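Dropping the structure here:
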């Protein structure tokens, strides 16, 4: 079945440490790929997106993501996290050749240790 | 430029009642999408309106409906409320319709059904 998987429900990292959040999708063709962040009590904010081209995508707030076709993955990374990065992160896809509906992963909640 | 606004922010209803939620998109945006967010099901797409027409619809029962006005403001209505309808309802606007357009999210309306 077509799906978006974020294997980690919770991740805890120390402030200043590097971060990688995982996202895998199962679609025949490479879909459009997105990462969103949701801070407590807020709506979602787009961090970055991938449609085609360079597989390393730069986003806002110092985040980047790498698309790996062979692994059907689109992992989000940040070299050094800040306490303000504590939030929930959602990977999302829009399958190609479909009806343009966006499908979200279940989310990964990021906790930051001081 | 003002962001996406949603009213009310919080709402408490009882089973069997109906509710109407409102969303005002960013000025100039013509597409409005609605999402339901629950701890169990995550973020699920409800429907999208573009130029007063429903362009896309998720897998929700007919109790969930929406509309868009000529000024692009949108409302969604849920009739005959059930306990399971308790959720955060998010609205997102974009300049136009289509999978590649960035969506800007509002803070959501927290609906509690008792």
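Protein chains in written order, with the numbering used here: chain A, 168 to 281; chain B, 343 to 456. Just so it is clear, CB atoms sit at the ideal spot from N, CA and C, and this is done for glycine as well. Model, not experiment: these values are computed from the prediction.
> Can you list, in chain order, the stretches of the beta strand (DSSP E) that have 3 or more residues and sit fully within the segment 364–449 of chain B?
Replying inline: 373–380, 384–392, 395–399, 406–410, 416–420, 429–436
> chain A partners of residue 363 (chain B), CB-CB under 8 Å?
Replying inline: Within 8 Å Cβ-Cβ: nothing; residue 363 (chain B) doesn't reach chain A, min ~14 Å.
> So which of B:394, B:401, B:441, B:376 has the shortest CA-CA distance to residue 365 (chain B)?
Replying inline: Residue 365 (chain B) has its Cα closest to that of B:376, out of B:394, B:401, B:441, B:376.
>> Within 9 Å of any Cβ in chain B, is that where the Cβ of residue 253 (chain A) sits?
In response: Cβ-Cβ to chain B under 9 Å: no for residue 253 (chain A).
>> Please list the terminal residues of the continuous beta strand (DSSP E) segment that includes residue 231 (chain A).
In response: For residue 231 (chain A), the enclosing beta strand (DSSP E) starts and ends at 231–235.
> When the Cα atoms are used, what is the spatial distance from residue 393 (chain B) to residue 412 (chain B)?
Replying inline: 7 Å
> In the structure shown, what three-state DSSP assignment does residue 270 (chain A) receive?
Replying inline: strand
> Can the beta-carbon of residue 193 (chain A) be found less than 9 Å from the beta-carbon of residue 170 (chain A)?
Replying inline: Closer than 9 Å, so yes.
>> Looking at the secondary structure, which residues open and close the beta strand (DSSP E) in which residue 182 (chain A) lies?
In response: From DSSP, residue 182 (chain A) is part of no beta strand (DSSP E); its letter is neither H nor E.
> Going by DSSP, which residues form a beta bridge with residue 244 (chain A)?
Replying inline: A:187, A:231
> residue 369 (chain B): which of B:389, B:423, B:446, B:401 sits nearest, CA to CA?
Replying inline: When only C-alpha atoms are compared, the closest one is B:446.
> Of all the CB atoms in chain A, is at least one closer than 9 Å to the CB of residue 323 (chain B)?
Replying inline: Because chain B in this structure spans residues 343 to 456, residue 323 (chain B) falls outside the shown range and cannot be described.
>> Measuring straight from C-alpha to C-alpha, what distance separates residue 279 (chain A) and residue 245 (chain A)?
In response: 13 Å
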